[in-house]
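J.: Per the numbering used here, the very first residue in the sequence shown carries number 461; after that it's consecutive.
From the three backbone atoms N, C-alpha and C, an ideal C-beta is built for every residue, glycine too.
Mind looking over this structure? Questions follow.
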Amino acid sequence: MEFEQKQKIWLSLQLVEFLNDSGYAGKDELNLMKKIAESFKIDEDDFEQAKDLILRNIDSLKLTDKLLIIDGNNNFLHAKARHLYKAKMSVRIFVLQLKKSDTYIF
Numbered sequence: 461m462e463f464e465q466k467q468k469i470w471l472s473l474q475l476v477e478f479l480n481d482s483g484y485a486g487k488d489e490l491n492l493m494k495k496i497a498e499s500f501k502i503d504e505d506d507f508e509q510a511k512d513l514i515l516r517n518i519d520s521l522k523l524t525d526k527l528l529i530i531d532g533n534n535n536f537l538h539a540k541a542r543h544l545y546k547a548k549m550s551v552r553i554f555v556l557q558l559k560k561s562d563t564y565i566f
């Protein structure tokens, strides 16, 4: 049985999350995950951005038109990233669109 592309993406990202939660998200493990994503023909940019979001590497997360940030910052300005202002919101929510599969993760 062949997995559909959305299932392959979900499986790959669940493995990244499992590695992160179990404390095994080292360089070798993440390189293995990248190889698995490549073999599943997952778009490299989609995988890297989703991986950074899952690993909470917010500083290395690219602010692109695929990213929506929801927070209480009324002064957020960026040429590409989308922003939704919610007054009294003390946390930031990141929503990433994986364009190749039309999937959203947050």
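1. Can you list, in chain order, the residues of its chain with a C-beta nearer than 7 Å to that of residue 497? Leave out the 5 residues immediately preceding and following it.
2. Taking only three categories from DSSP, how would you classify residue 503?
3. Quick check: what's the CA-CA separation for residue 474 versus residue 515?
4. Which ranges would you report for the beta strand (DSSP E) in the segment 478-534 if only whole runs of at least 3 residues count?
5. Any idea what DSSP makes of residue 556, helix, strand or coil?
6. Do residue 521 and residue 512 have their C-beta atoms within less than 9 Å of each other?
7. What number of angstroms, rounded off, separates the C-alpha of residue 535 from the C-alpha of residue 495?
8. Can residue 566 and residue 558 be called in contact, C-beta distance under 9 Å?
9. Count the other CB atoms, across all protein chains shown, that sit within 10 Å of the CB of residue 493; report buried if there are 16 or more and exposed otherwise.
T.: Quick look at the numbers:
1. 472 and 507
2. coil
3. 11 Å
4. 527-531
5. strand
6. yes
7. 39 Å
8. no
9. buried
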